[in-house]
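Chemist: Residue numbers (our numbering): 89 to 210.
1) Skipping 5 residues on each side, what residues in its chain have a beta carbon closer than 6 Å to that of residue 176?
2) Is it the case that the segment 104-116 contacts the segment 180-195, given that we only count it when at least three CB pairs across the two stretches are under 8 Å?
3) Sorted by chain position, which residues of the same chain lie with C-beta nearer than 8 Å to residue 158's C-beta, five sequence neighbours on each side aside?
4) Measuring alpha carbon to alpha carbon, tell me which residue in 168, 154 and 203 is nearest residue 188.
5) Since residue 149 and residue 202 should fall inside the 8 Å C-beta cutoff, what is the C-beta to C-beta distance between them, to a whole number of angstroms?
6) Taking DSSP's pairing of strands, which residues face residue 111 in a bridge?
7) Should residue 200 and residue 102 be called a contact, given that it needs their Cβ atoms to be closer than 8 Å?
8) Check for me: the alpha helix (DSSP H) holding residue 199 runs from which residue to which?
9) Does DSSP classify residue 93 as helix, strand or coil?
This is the structure:
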């Protein structure tokens, strides 16, 4: 797979992230994407909402994810492989790109997840 436009690879990441969520806290199955998204944000706000006021939502989400809150890749090589598979980088990246991808992973995933946050209805 070659590098895709960001609008395309963001869809791949969303699909990947949601595929890692099968049940909620009480082991009840979550069947729809909307239920899974709501679960992510309910958990984030419950477990880490206090940090939003301190560091902002983006940084709070990044920190929450880096604590392995969700069952997504976390080893550097697996992160690079995921980036290739999702189409956010070209295959056969050089060492500098691999290091950059791994170093920015949690912030990147926070950005992806916050991109599909349900909008509050006024």
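Even glycine gets a Cβ: it sits at the ideal position worked out from N, Cα and C.
Modeler: Walking through what the data contain:
1) Reading the chain shown from its first residue, position 88 is the one you call residue 176. So the list reads 97, once near-sequence residues are dropped.
2) Not touching, per the Cβ criterion.
3) The sequence position of residue 158 within the chain shown is 70, counting from 1. Answer for residue 158: 105, 108, 109 and 128, listed in chain order.
4) Taking the first residue of the chain shown as 1, we reach residue 188 at position 100. Looking at the Cα atoms, 168 is the closest of the given residues.
5) In the chain shown, counting from the first residue as 1, residue 149 sits at position 61. In the chain shown, counting from the first residue as 1, residue 202 sits at position 114. About 6 Å separates the two Cβ atoms, so the contact holds.
6) Reading the chain shown from its first residue, position 23 is the one you call residue 111. The partner list for residue 111 (beta bridge, DSSP) reads 117.
7) Within the chain shown, numbered from 1, the residue matching residue 200 stands at position 112. Within the chain shown, numbered from 1, the residue matching residue 102 stands at position 14. Contact flag set, yes.
8) Taking the first residue of the chain shown as position 1, residue 199 is located at position 111. 193-203 is the extent of the alpha helix (DSSP H) around residue 199.
9) Counted from its first residue, the chain shown places residue 93 at position 5. Here residue 93 sits in coil by DSSP.
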